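So the sequence shown is numbered by my numbering: it starts at 47 and just counts up by one.
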Amino acid sequence: MKFNYFKIYVILIMASACLLSMQSCKPKTAQAAASGDASKSFVAPGKYDEFYNIVSGGFNGQVAVYGIPSGRLFRIIPVFSQSPESGYGFSEETKPMLNTSHGFVPWDDQHHIALSQTQGEHDGRWAFANGNNTPRIARIDLTTFRTSEILEIPNSAGNHASPFITENSEYIVAATRFSIPLDDQNGDVPINTYKQNFKGSVSFISVNPTSGEMSIAFQIRTPGVNFDLSRAGKGKSHGWFFFSCYNSEKANTLLEQNASAKDKDFVMAVNWKKAEEYLKAGKAKKQAVRYAHNTYDDNTHSATSTILTEVAILDPADCPDMLYLIPCPKSPHGTDVDPTGEYIVASGKLAASIPVFSFTKLQKAIADKAFDGQYDGITVIKYEAALHGEVAKPGLGPLHTEFDGKGYAYTSMFLSSEIVKWRISDLQVLDRVPTYYAIGHLSVPGGPTAKPHGKYMIAYNKMTKDRYLPTGPELTQSAQLYDISGEKMKLLLDFPTTGEPHYAEALPAALIQGKQRKIYKIEENTHAYVSKGEGKAKVERNGNQVHVWMTAIRSHLTPDNIEGVKVGDEVYFHITNLEQDWDVPHGFAIKGANNAEILIMPGETQSLKWVADRTGIFPFYCTDFCSALHQEMSGYLRVSPAGSNVALHFSTGTNKPAVTADTVKTTGSVSKN
Ligand code: RUQ
Ligand code: CUA
47 MKFNYFKIYV ILIMASACLL SMQSCKPKTA QAAASGDASK SFVAPGKYDE FYNIVSGGFN
107 GQVAVYGIPS GRLFRIIPVF SQSPESGYGF SEETKPMLNT SHGFVPWDDQ HHIALSQTQG
167 EHDGRWAFAN GNNTPRIARI DLTTFRTSEI LEIPNSAGNH ASPFITENSE YIVAATRFSI
227 PLDDQNGDVP INTYKQNFKG SVSFISVNPT SGEMSIAFQI RTPGVNFDLS RAGKGKSHGW
287 FFFSCYNSEK ANTLLEQNAS AKDKDFVMAV NWKKAEEYLK AGKAKKQAVR YAHNTYDDNT
347 HSATSTILTE VAILDPADCP DMLYLIPCPK SPHGTDVDPT GEYIVASGKL AASIPVFSFT
407 KLQKAIADKA FDGQYDGITV IKYEAALHGE VAKPGLGPLH TEFDGKGYAY TSMFLSSEIV
467 KWRISDLQVL DRVPTYYAIG HLSVPGGPTA KPHGKYMIAY NKMTKDRYLP TGPELTQSAQ
527 LYDISGEKMK LLLDFPTTGE PHYAEALPAA LIQGKQRKIY KIEENTHAYV SKGEGKAKVE
587 RNGNQVHVWM TAIRSHLTPD NIEGVKVGDE VYFHITNLEQ DWDVPHGFAI KGANNAEILI
647 MPGETQSLKW VADRTGIFPF YCTDFCSALH QEMSGYLRVS PAGSNVALHF STGTNKPAVT
707 ADTVKTTGSV SKN
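Below you can see the structure in the form of structure tokens.
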């Protein structure tokens, strides 16, 4: 009996502990907030959304595009991961996009988006996206919604504090999450020599104002902390960049305890105009490194990968007044700059309050030398001297802050699963609204710019238990749309997302909707294997390589009968889509292909490699339902034994009998109609 009472007691304790932990994670007002106002997010059939929402894909390595306010998914843009849907990273032309100093890396972990800006506002030209794992930054062209460029970042491991952008897209930055021995040092050191051997770096990547092309202008060597997030100054603070960092303890094991020991970590303020002066004055040292720079050309429809071997490094020891550290409680995550550029909000995920720093006060503190010693040779500003004030009792686990341009700030609270609205001027908390659940990032259209649109806010949640029909062990990821036009925030809509969403930016549809590329002009196609017309279709052998110049137009492939391929041959199908109408892609797939299909846009050429591994007949076909006769858009490839005397031969519509090598070397025929 005694034992049973004990058992019940234990169960009761466990139940109440469970309840407590649930309450700390699920909002109490779930019932009240669970009714969305559908009319405000409803976009009638045939009508367009007001905003494009460009959303990070997290561990799927891609970027997704949704409409706001409807939450409709428009496109998944392949960026760092191969995509069997388009053939990105599978086709011969796009493989170089995923080249790195580590070789071909067909995956990454994509967290943050930065849209290009002119005078502090979105200009609708490019979206930048980071790859966390093998440090990279990608540039997406917003006229094609395709990845145009990928730049690898040397001296980095975990490109998390990236990409963030200055108000005229002068620079995007990349700061390393993991400090490591720098690339030109012997990295084969005991891990417990972290404090001596591990260093951080932040990269300033310049963006060509016309082409958008990225290049690393300089890197700054930093103490061996972990950088988390970043924002550029704007308006009065233009010329500065702010980075949050944690692990000022420089722990290298059990970070969950050892990197949380100190009360305060730092926000690192970088005077990048100063850094530019030092660079001009020749203060940078050249360092030998290896990193890939990959670009895609819209005329050759091909990517090129170049390995670069040098980077310019500024050492803070040689560059006084370039870096300052502002103490910040406690393991800060987001650091966000308000639309005026005056206030810098740092969210310490373990802190009980949100410190808001003032740029004016920071400048005064520097002028007055209101310093609090040094950390690794870098001047530390007195906390109070730079502080505008603290938002008291905002909630639990503050992560990120966005702004509406009307003087209000919105901070996501991971642990208490809510968004808190507060006023920047007096730091008063004005409203709080639950999220479902465990919000990470949040986004207001234009929120990180000087002119936010301040109408909607989107929450990107880490957990969605009980919001959607379950789908096995893994439940869908989720975003939520809120109306922030009034005093109180109102939940309007839940919508599932792909991958795990981190940051996102939204911009007015009008900025890019009219600029969409509809076709690639066939006369501008300079691909090495283009066939500009069916008469140009052909098949040629070069050793054990067979090249097929193939065309696609509704509703046939030319050639569609190919013979003379032998076991062991590498066959390259170079397909040119001859269409010149918007939204008429053709696809190509062949039985046994161990890579993917490819989708070829109007006027474009793409190539698929296929190895003949056995004799037989291999059908190929168009994978995109392009016309009423799409199912007829197909052909056959015959594979003969190695050493057989079947001659290379191709035809379309003529049905010529098979020939042998004795009679002809290479023949082809294409019917005239
Ligand atoms: S992070 S949930 Cu990878 Cu942007 Cu804050
Ligand atoms: Cu072309 Cu289906």
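Ideal Cβ positions, reconstructed from N, Cα and C, are used throughout, including at glycine. From a predicted model like this one, the values you see are computed outputs, not experimental measurements.
Item	Value
Look up alanine 411 in the DSSP assignment and say whether it is helix, strand or coil.	helix
Please indicate yes or no: does the CB of leucine 445 lie closer than 6 Å to some heavy atom of the ligand RUQ?	yes
Could you name each continuous alpha helix (DSSP H) segment of 4 residues or more that falls completely within the region 234-258, going from the start of the chain to the end?	240-243
Is the beta carbon of tyrosine 549 within less than 6 Å of some heavy atom of the ligand RUQ?	yes
Quick one: grab the DSSP three-state call for asparagine 304.	helix
Helix, strand or coil, according to DSSP, for threonine 146 in the structure here?	strand
Do you know whose CA, among Leu461, Val357, Ser531, Asn293, lies nearest alanine 334's CA?	Val357
Please determine, among Ala305, Gly493, Leu537, Tyr483, the residue with the shortest C-alpha to C-alpha distance to lysine 511.	Tyr483
When the distance is taken between beta carbons, is threonine 381 closer than 7 Å to arginine 277?	yes
What span of residues does the beta strand (DSSP E) with tyrosine 514 cover, start to end?	No beta strand (DSSP E) holds tyrosine 514; DSSP gives it neither H nor E.
Can you list, in chain order, the residues of its chain whose CB lies under 6 Å from that of alanine 307, leaving out five sequence neighbours each side?	Glu295
Can you say whether tryptophan 628 is buried or exposed, counting buried as having 16 or more other CB atoms within 10 angstroms of its CB?	exposed
Do you know how far the Cα of glutamine 677 is from the Cα of arginine 600?	11 Å
Using a Cβ-Cβ distance under 7 Å, would phenylalanine 312 count as near chain D?	In the displayed structure, chain D is absent; only one protein chain is listed.
Given 8 Å as the limit, is there contact between the region 398-414 and the region 438-448, that is, 3 or more CB pairs closer than that?	yes
Can you have a look at leucine 645 and say buried or exposed, based on whether 16 or more other CB atoms are within 10 angstroms of its CB?	buried
If you draw a straight line from the C-alpha of aspartate 274 to the C-alpha of histidine 548, how long is it?	13 Å
Determine the direct distance from the alpha carbon of histidine 434 to that of alanine 416, and round the result to whole angstroms.	15 Å
Starting from the N-terminal side, write out each stretch of the alpha helix (DSSP H) that is 4 residues or longer and does not extend beyond the region 384-435.	405-413, 429-432
Ignore the nearest five residues each way along the sequence and tell me which others in valine 613's own chain have a CB closer than 8 Å to its CB.	Ala658, Asp659, Arg660, Thr661, Val685, Ser686, Pro687, Ala688
DSSP state of lysine 86, grouped into three classes?	helix
Which residue's Cα is closest to the Cα of threonine 622: Asn145, His632, Gln523?	His632
Measure the C-alpha to C-alpha separation of cysteine 291 and asparagine 298 and round it to an integer number of angstroms.	15 Å
Measuring straight from C-alpha to C-alpha, what distance separates lysine 93 and valine 617?	45 Å
Between which two residues does the beta strand (DSSP E) holding tryptophan 656 run?	651-657
Can you find the residues in the same chain that come closer than 8 Å, C-beta to C-beta, to arginine 336, ignoring five residues on each side of it along the sequence?	Ser147, Pro200, Asp229, Ile353, Leu354, Thr355
May I ask you to report which of helix, strand or coil DSSP gives serine 261?	strand
Going by DSSP, which residues form a beta bridge with proline 687?	DSSP, once it has assigned bridges, lists no residue as partnering proline 687.
What did DSSP end up calling threonine 180 once you bin it into helix, strand or coil?	coil
Have a look at valine 630 and glycine 133 and give me their C-alpha separation to the nearest angstrom.	16 Å
Examine the ligand CUA and report whether any of its heavy atoms sits within less than 6 Å of the Cβ of aspartate 670.	yes
For histidine 676, is the beta carbon positioned less than 6 Å from some heavy atom of the ligand CUA?	yes
How long is the line joining the alpha carbons of isoleucine 558 and threonine 341, rounded to whole angstroms?	22 Å
Kindly indicate which residue of Phe126, Phe191, Ile123, Phe150 has the alpha-carbon position closest to the one of arginine 563.	Phe191
Would you mind giving the Cβ-Cβ distance between asparagine 205 and threonine 222, rounded to the nearest angstrom? I have them listed as a contact below 8 Å.	7 Å
Note the first and the last residue of the continuous beta strand (DSSP E) segment covering tryptophan 595.	591-599
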